[in-house]
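Take a look at the structure set out below.
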Amino acid sequence: MAAAPAGAIDGCAAQQRQLQFEVSRYIELLLIELGTMARAADLRHLVYFLELTRQEASDQTERCRPDH
Numbered sequence: 626m627a628a629a630p631a632g633a634i635d636g637c638a639a640q641q642r643q644l645q646f647e648v649s650r651y652i653e654l655l656l657i658e659l660g661t662m663a664r665a666a667d668l669r670h671l672v673y674f675l676e677l678t679r680q681e682a683s684d685q686t687e688r689c690r691p692d693h
């Protein structure tokens with residue numbers, strides 16, 4: 626099996642990074658919405674876990690940001 630050209634590998638890595646950025650950002654936005662709903666319903670444990678998960682999604686978004 627022939628090795629892929631270096632540019633093709635870089636392109637795949639860039640596409641994967643972009644996808645990871647977009648998905649993690651979308652998940653972060655969903656978690657913000659869910660946290661707002663849980664807060665309004667006074668569901669404290671859910672608020673706590675949603676906030677932890679939102680922070681992880683935010684961290685992942687920053688790690689995958691295309692300009693980094």
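Under the numbering used here, think of the first position of the sequence shown as 626, with each following residue one higher.
Note that the Cβ used here is the ideal one computed from N, Cα and C, for glycine as well.
Expected contact under 8 Å - CB spacing of residue i and residue j to nearest Å
i, j, result
"A682", "L644", "So it is not a contact: roughly 14 Å between Cβ atoms."
"R650", "T686", "5 Å"
"A609", "L654", "In the structure as shown, the chain begins at 626 and stops at 693. Residue 609 is therefore absent and cannot be evaluated."
Candidates the options: closest to residue i by CA position
i, options, result
"G660", "V648, E676 and F646", "E676"
Reduced DSSP category for residue i - H, G, I as helix; E, B as strand; rest coil
i, result
"L671", "helix"
"R642", "helix"
"D684", "helix"
"A666", "coil"
"R690", "coil"
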